[in-house]
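Asks: Under our numbering, the residue at position 663 of the first sequence is numbered 1822, and the numbers go up by one with no gaps.
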Amino acid sequence: MGFGKGCHLHLIDGSAFIFRAYHALPPLTRKSDGLPIGAVSGFCNMLQRYIEDNAGPDAPTHVAVIFDHSGKSFRNDLYDQYKANRPPAPEDLKPQFPLTRDATRAFNIACKEIEGFEADDIIATLACQARAASGRCTIISSDKDLMQLVGDGVEMLDAMKNKRIDREGVIEKFGVGPERVVDVQALAGDSVDNVPGAPGIGIKTAALLINEYGSLEDLLDRAEEIKQPKRRQTLIEKRDQIELSKQLVQLDCDMALDFTLDDLEVQDADPEKLLGFLAEMELRTLIKRAADKLGVEAPSLPEPALAAAEDASAAEDIPFDAAKYEWVKDRAALDRWIAAIYKRGYVAVDTETNSLDEMVAELAGICLSVEPGEACYIPVGHKKGASDDLFGGEELQEDQLPLTEVLDALQPMLEDPAILKIFQNAKYDCKVFANYKIAVTPVDDTMLLSYALHAGEHNHGMDALSERYLNHQPIPIKTLIGSGKSMITFDKVAIADALPYAAEDADITLRLWQLFKPKLHRRQVSTVYETLERPLVPVLAQMERYGIKVDRDTLSRMSNAFAQKMAGLEAEIHELAGQEFNVGSPKQLGEILFDKLELPGGKKGKTGAYATGVDILEDLATEHALPGLVLDWRQLSKLKSTYTDALQTHINAETGRVHTSYVQTGANTGRLSSTDPNLQNIPVRSEEGRRIREAFVAEEGKALISLDYSQVELRILAHIADIDALKEAFRDGRDIHAMTASEVFGVPLDEMTSEIRRRAKAINFGVIYGVSGFGLARNLRIPRGEAQDFINRYFERFPGIRTYMDDTKEFAKTHGYVQTLFGRKIHTPEINAKGPRASFAYRAAINAPIQGTAADIIRRAMIRMPEAIKDLPAKMLLQVHDELIFEVEDSAVDATIAAAREVMQGATEPAIKLDVPLIVDAGRGANWAEAH
DNA sequence: AAATTCACG
DNA sequence: GACGTACGTGAATTTC
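1. What number of angstroms, rounded off, separates the C-alpha of Glu-1338 from the C-alpha of Leu-1305?
2. What does the Cβ neighbour count give for Ala-1466, buried or exposed, with the cut at 16 atoms within 10 Å?
3. Unbroken alpha helix (DSSP H) runs of length 4 or more, entirely within the region 1249-1291: which are they?
4. Taking DSSP's pairing of strands, which residues face Glu-1530 in a bridge?
5. On the CB-based measure, 16 or more other CB atoms within 10 Å of its CB, does Pro-1836 come out buried or exposed?
6. Hey, how far is the Cα of Asp-1567 from the Cα of Gln-1559?
7. Might you give, ordered along the chain, the residues of its own chain that have their beta carbon closer than 6 Å to the beta carbon of Gly-1310, omitting 5 neighbours on each side?
8. Return yes when the Cβ of Leu-1885 is within less than 7 Å of the Cβ of Ala-1897, no when it is not.
9. Which word fits Gln-1632, buried or exposed, when buried means at least 16 other C-beta atoms lie within 10 angstroms of its C-beta?
10. Among all the DSSP beta bridges, which residues are the ones paired with Met-1315?
11. Taking the C-alpha atoms as reference points, what is the distance between Arg-1260 and Ile-1927?
12. Count the C-beta pairs between the region 1590-1603 and the region 1695-1714 that are closer than 8 Å, then say yes if the count reaches three, no if not.
13. If you check the beta carbons only, do Ala-1826 and Ser-1833 fall under 7 Å apart?
14. State the DSSP-derived secondary structure class of Met-1414, mapped to helix, strand or coil.
15. Are at least three pairs of beta-carbons, each pair with one atom in the region 1814-1830 and one in the region 1866-1874, less than 8 Å apart?
16. Can you tell me where the alpha helix (DSSP H) with Arg-2083 in it begins and where it stops?
17. I want to know whether the region 1477-1497 touches the region 1655-1668 - three or more CB-CB distances under 8 Å.
18. What does DSSP give as the partner residues of Leu-1555 in its beta bridges?
19. Sorted by chain position, which residues of the same chain lie with C-beta nearer than 8 Å to Ile-1732's C-beta, five sequence neighbours on each side aside?
20. What is the residue span of the alpha helix (DSSP H) that Met-1911 lies within?
21. Can you tell me whether Leu-1908 is buried or exposed? The criterion is at least 16 other CB atoms within 10 Å of its CB, across all chains shown.
22. Looking only at its own chain, which residues have a Cβ that is under 8 Å from the Cβ of Ile-1895, when we skip the five neighbours before and after it?
23. With distances taken between CB atoms, is the gap from Ala-2054 to Leu-2031 smaller than 7 Å?
24. Measuring CA to CA, which of Tyr-1209, Glu-1734, Asp-1774 and Gly-1767 is closest to Leu-1756?
25. With a Cβ-Cβ cutoff of 7 Å, do Ala-1523 and Asn-1513 count as a contact?
26. Between Gly-1975, Lys-1984, Ala-1857 and Phe-1933, which lies nearest to Leu-2037 when the distance is taken from Cα to Cα?
27. Helix, strand or coil for Pro-1571, going by three-state DSSP, please let me know.
28. With DSSP collapsed to three states, give me the class of Pro-1195.
29. Just the Cα atoms here: how many angstroms apart are Gly-1173 and Phe-1226?
30. Quick check: what's the CA-CA separation for Val-1529 versus Ser-1609?
31. Quick one, which of Trp-2087, Leu-1669 and Thr-1563 has its alpha-carbon nearest Ile-1851's?
32. How is the beta strand (DSSP E) around Leu-1579 delimited, first residue to last?
33. What residues are listed by DSSP as bridge partners for Gly-1310?
34. Sort out for me which residues DSSP pairs Thr-1899 with in a bridge.
35. Any chance the region 1901-1916 sits against the region 2037-2050, with 3 or more Cβ pairs inside 8 Å?
36. My guess is that Val-1977 and Thr-1962 are in contact by the Cβ rule of under 8 Å, so how many angstroms apart are they, rounded?
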């Protein structure tokens, strides 16, 4: 068929596909020889998806992928600086360029590039030919340089956003129609391609001028008429540069091609060619997908490749089948499973209980799996519903082995050092077993494997991991126990219903383990997992089980005092407002402040509600008495509801202590988080809040001690960024903020004021977070320009910090992650996004190695701590990021401080020798307020 | 369930 | 040239 009316040509911007694929994916290598193939893999995925998405009635009749030819183009002859500030392609991308051409041909799609021309010119020429032949053309690209081609049957399609760009879309972007796009571009220039344009004129101004004068030529001819003197001068003086810019952005629609549109006709796929290529690249998942679409059998990979193929396991092909899950009802079946476990050497285990609180949880059943697709459930505590009779709630369901018999049979296996027990979130299950005096060891944990491998990429809950890596959606727990008020506990579920859910969890855990464990080496995080994750599990479990004693009476008295004060404040507030309203409602408060009292400081937020945060109320406090009272009320309300009231409900009836739960995967940086209750945010900054710490007490005859790292993150910054001045200051034990102030502001140390020191402190902390002038200005409540000056001077004085930031950003952009000193990888998938998301990712990437290294250090200390204090009457109870809290008999306070301090100060060694000393401060007392 | 606010390092 | 603007968390409360 010759190309003509009714025909539809698709032109794919190949280079855009390659770069998008490269940056969107983590570095991926071919397993058999380590060849980098991340971009090729992503490129093939995009082509496959393109083909699947374009099979319908509007399918193209002709298609080609157009590439840039390597080397210079004719534009470099026009202007030697054209695209001169483009960084060279990353080393691991270069070998992939020819492979993407091979991939295109393997998909049986025409593949074109021409020496001395850019892909955009070939696309332009073909689009014009298609238009001349009365056919349609769709350009699959979002490159704004191609927008000049739109119109008259030519459209663009942004494949990522699946958004078509027509004439209207171009006008939206450039403010002019496609025929004037080059004029606007010539004026505005392009920093990415290094097109100079007219200095000081951007797209907005350019569109305004072009629309007023009709065309670039008319504008330049009549430049004398322009009113703004600066703009007039620019256009007159830079005429040559602007005309050159137009030549650079103008695409060549009239290239001589050695092929015609007819050569681009869509061809049927050649399964052998395509699958052969994908097999050569060892892209397992894509082979299956492509074979499925083609309706042919997927070829098997060569054996070594199969064994190692990334993100694919033997388990992937084994279906999930609830019929293969076994209900263990008798002793013979249980013994059979135990024998199978000993034969295999490892087993995936999951426990079902009647509570999410491990301190009180009782076993409902145990699941085991040693082979993907096969699992069993051993119910031991399922009870009949309470509906039958008064005692029904305690009566056991049928066909369950006695709990003690099951535990006696399993205990030797669970404690056998030769048998590896695999869990998803091992800490929970180990604590449950600990309730039955069973010490499970050794243990692997798929949640922690995922965290070591994928921190920052996604969460590590089992449901999410299963969907992502096994392509399988587990049975939602809601279908068994319901949700909200009518929720029941798992031990009340009928065993027949519980079986498929529970056994599946062990099955999934085993499959995830088979997938993740070999990846530790390939991603080089084995040491992270083995030294920072795995050994921490028993340490945290022990701390949680000890808990910390909290005095209910103290909290209760404080609650009452807060309630009284709040009532008084509330009356005053209503008085001042002239009406009653809910002080706790930001919405109602906003209306009182800004509508009724007409205080300055209008709306904010996307919901249209007034913002009434502490910053705003503090500013308003100078205008009116009410905001200050609200702030006082809020502080009390927070203290009462979150602390003095809520903490009481967390006191364990049996132990009289509060048992928090640490989430080891809680923060992407390696920090822990603490929940139910969160004991990492107990008030300390305000005098009234700090008194809540008086309720955290030591037992009679014991004391609480607290040891915290002094300015650990700044020390790490000094080491990582290699700032001599900072390192020396730390080595000499000087006041680091005063030192910074004197360096940055030029004030001698003996003339230092607290205000200047405070500013330096804010800058020191800001730097760790990637602060902007705007942010520092807001924090210090100083003019923005002044804040920017501070920051500039800071970087001038400590240029190494700027270098660290630039290097970190560059590393994140090429690798997709950043690293701590101990090799922990924190992924930064958004670093190559554009807009504000990239800014957030950039600041997070700067902060992560610092915060993460600090987290690694205290983890190392915690892991060594039990051994260091084993002969002392002391227990480690809490961790608050840079602080550890112990309970110790009065007689051993000094010895414990000495032992713990030594472990903490030496925690980096022998792996790392820091250039700065780590200093640990210590306190002691009958309660946490005194100890801190 | 989302948004807002505020407690901590 | 515009846009947003300091990192990492968890919990309580109000609003939709």
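Glycine residues also receive a C-beta, built at the ideal position from the N, C-alpha and C atoms.
Replies: Working from what's here:
1. 11 Å
2. Only weak support is given to the placement of Ala-1466: the predicted model assigns it a pLDDT of 46, under 50, and the value that follows is read from those uncertain coordinates. Exposed, since its Cβ has fewer than 16 Cβ neighbours within 10 Å.
3. Counting only runs of 4 or more, we get 1255-1265 and 1278-1291.
4. According to DSSP, which records beta bridges pairwise, Glu-1530 is partnered with Glu-1533.
5. buried
6. 15 Å
7. Arg-1326 and Pro-1337
8. no
9. exposed
10. Ile-1298 and Ile-1324
11. 44 Å
12. Between the region 1590-1603 and the region 1695-1714 there are three or more C-beta pairs closer than 8 Å, enough to call the two in contact.
13. For Ala-1826 and Ser-1833, no; Cβs fall outside 7 Å.
14. coil
15. no
16. Per DSSP, Arg-2083 belongs to no alpha helix (DSSP H); it is in the beta strand (DSSP E), 2079-2084.
17. yes
18. Lys-1542
19. Val-1742, Leu-1785, Leu-1788, Val-1789 and Trp-1792
20. Unbroken run through Met-1911: none, as it is neither H nor E.
21. Looking at its Cβ environment, which holds fewer than 16 other Cβ atoms inside 10 Å, Leu-1908 is exposed.
22. Gln-1870, Leu-1873, Leu-1885, Ala-1888, Phe-1889 and Asn-1923
23. yes
24. Glu-1734
25. The answer is yes: Cβ separation under 7 Å.
26. Ala-1857
27. helix
28. strand
29. 5 Å
30. Just so you know, the alpha carbons of Val-1529 and Ser-1609 end up roughly 20 Å apart.
31. Ranked by Cα distance from Ile-1851, the options Trp-2087, Leu-1669 and Thr-1563 are led by Trp-2087.
32. Under the DSSP assignment, Leu-1579 falls in the beta strand (DSSP E) whose first and last residues are 1579-1582.
33. Val-1313
34. According to DSSP, which records beta bridges pairwise, Thr-1899 is partnered with nothing at all.
35. no
36. Rounded, the Cβ-Cβ distance is 15 Å, inconsistent with contact.
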